[in-house]
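Read in full-length UniProt numbering, the sequence shown has 304 at position 304, and its numbers run on one by one without any break.
Just so you know, even glycine gets a beta-carbon here, dropped at the ideal spot from N, CA and C.
Being a predicted model, the structure only gives us computed values, none of them experimental.
The next block holds one structure in the form of structure tokens; read it before the comments.
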Amino acid sequence: MRKRIVIIGGGASGLTAAIGGARNGAHVTIVEHMDRVGKKILSTGNGRCNLTNLRMEADCYRCGRKEFPMEVIRGFGVDETLAFFKGLGIEPKDRNGYIYPNSDQASAVLDVLRSEVERLGVAVLLSCRVEKIEPAAGGGHVRYKVYTDQGILDADAVILAAGSKAAPSTGSDGSGYELAGRLGHRVIKPLPALVQLRCQGNLYRQMAGIRTEAGVKLMAAGELLARDRGELQLTDYGLSGIPVFQVSRFAARALDQGKRVTALVDFMPSWDDGEAFGLLKKRASLLGHKTVEELFTGLLNKKLALVLIKLAGIKPSQKSGDLSPKQLKLLLGQIKSYEAIVMSVNPFVNAQVCCGGVDTGEVDAATMESRLHANLYLAGELLDVDGICGGYNLQFAWSSGMIAGTHAAGGHSVGKHEAGANKAAAHGAYAPAPDGKRNRK
């Protein structure tokens, strides 16, 4: 008798889990409360879908159990993921280690996943909400009843893949946390991550729209929490851009703990303090006939320079040749260590992912099975795992979903099985559907 798997959530991890389960002979049902599956996939990678990243290291993830994300990814890694998608028809493109579909269309990724789900005969219930999950003893193993607003589903295994609270318009409403909590799982408070910082003061309106290379150090109570470098974007309310996203989860957690949080911004990250001071001194000497405002032409963005000059207490109209060593140091301080007082992070609606979620200490990384309930599996953003920008959160979704689906169906050797099967499929092989019929991929 085929195992019955109910997957709650039809996002990246849920769709992958469905494919893993169905390929291993299970009867799979996806329950999705939106009107279509995979909506969040469409917004990933700015609509291009950054599938994964060739640099896959432990420091690319944040988790209460530091080793957990990579333990999961070792079970179904980058090579297996690329083979999986090639088998579905996606030709990957490498951009300095960042992997995208060659078409640069996230919609193509969703299309092939939906097509494979349909080919495998997976049942999909749309606009369907799960109200509760009840374990029930039966047949010598734990079975479940899944209560929805469209009826009751019997399951031999349940996979919770309902996402986080980030980007709720795509379906991530946090309902999975409540379902997991009712089953006894500890949920670490979810907070927005990969999100903008809202900062104190009105100066940001004068700098809105500026994009510049910068280093960002996030501080809380005098402690360095995180640092990053890249293209900074200044908004009318504060700071944005990749380096800000990378450190934002630490800001969210520190602010939630009531700590004073600041971001120290280095607007000349290619020069150390000594080199930057020497450059300013040299320019002031060579361009002494110019104003201080003109001194920065070709060095810093004009709008940015004007704000920093005023913050240093210097008149923009002052001649550069008249700058004293003290004034040069004041300028250096603003350029190399501009202090932004962080008042909050933007809300979940602006966040790409969450920090926090179901405690990974209660989940077996080898199978994604709950340590509290047999035949209950958890995958994707629902868990206390968040990656940096660059395809890492999607890779965790593919990995955890495939592992959960495969093991829920009673399969083994996830990575090797899938890589081999899909490499064959990529060369025109036939893959058997669960009913034994042979369908062309």
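*Pairwise C-alpha distance: residue 175 and residue 169*: Their Cα atoms are separated by approximately 13 Å.
*Beta carbon of residue 12 nearer than 8 Å to that of residue 380*: Between residue 12 and residue 380, the C-beta spacing is below 8 Å.
*Could you spell out where the beta strand (DSSP E) holding residue 99 opens and where it closes?*
In the DSSP annotation of this structure, the continuous segment of the beta strand (DSSP E) that includes residue 99 starts and ends at 98-101.
*Buried or exposed: residue 393, going by 16 or more other Cβ atoms within 10 Å of its Cβ?*
That one is buried.
_By the three-class DSSP mapping on this structure, what secondary structure does residue 407 have?_
Looking at residue 407 - three-state DSSP - the assignment turns out to be helix.
*Going by DSSP, name the residue or residues bridged to residue 219.*
According to DSSP, which records beta bridges pairwise, residue 219 is partnered with 224, 262.
*Since I believe residue 311 is in contact with residue 293 (beta carbons under 8 Å), could you give me their beta-carbon distance rounded to a whole number of angstroms?*
Contact between residue 293 and residue 311 does not hold, since the beta-carbon distance rounds to 13 Å and is not under 8 Å.
*May I ask which residues mark the beginning and end of the alpha helix (DSSP H) holding residue 461?*
This structure gives no information on residue 461, because the portion of the chain shown stretches from 1 to 441.
*Does the distance from the CB of residue 244 to the CB of residue 226 come in under 8 Å?*
Not closer than 8 Å, so no.
_residue 108, buried or exposed, once every other Cβ within 10 Å from all chains shown has been counted against 16_ = So residue 108 counts as buried.
*asked:* Tell me the rounded alpha-carbon separation between residue 6 and residue 41.
replied: Taking the straight line joining both Cα atoms gives about 21 Å.
*Ordered along the chain, which non-local residues of its own chain (more than five positions away) have a Cβ less than 6 Å from that of residue 236?*
Excluding sequence neighbours, residue 236 sits near 204, 205, 208.
_Own chain, CB closer than 7 Å to residue 410, minus 5 neighbours either side, in chain order_ = Only residues of its own chain outside the window of five on either side were considered, and among them 3, 24 have a CB closer than 7 Å to the CB of residue 410, listed in chain order.
*asked:* If you follow the beta strand (DSSP E) that residue 95 is in, where does it begin and where does it stop?
replied: Start and end: 92-95.
_So, for residue 49: in the same chain, excluding its five sequence neighbours on each side, which residues have a beta-carbon less than 7 Å away from its beta-carbon?_
Apart from the 5 residues on each side of it in sequence, residue 49 sits with its Cβ closer than 7 Å to the Cβ of 41, 100, 101, 106, 109 in its chain, given in chain order.
*asked:* Would you call the stretch 249-267 in contact with the stretch 332-349, where contact means no fewer than 3 C-beta pairs closer than 8 Å?
replied: Because the criterion of three Cβ pairs below 8 Å is met, the stretch 249-267 and the stretch 332-349 touch.
*Between residue 288 and the rest of its own chain, which residues show a CB-CB distance below 7 Å, the 5 nearest in sequence each way excluded?*
So the qualifying residues of the chain are 319, 320, 321.
*For the putative contact between residue 354 and residue 92, defined by C-beta atoms under 8 Å, what is the C-beta separation to the nearest angstrom?*
Between residue 92 and residue 354 the Cβ distance is about 27 Å, and since that is not below 8 Å, they are no contact.
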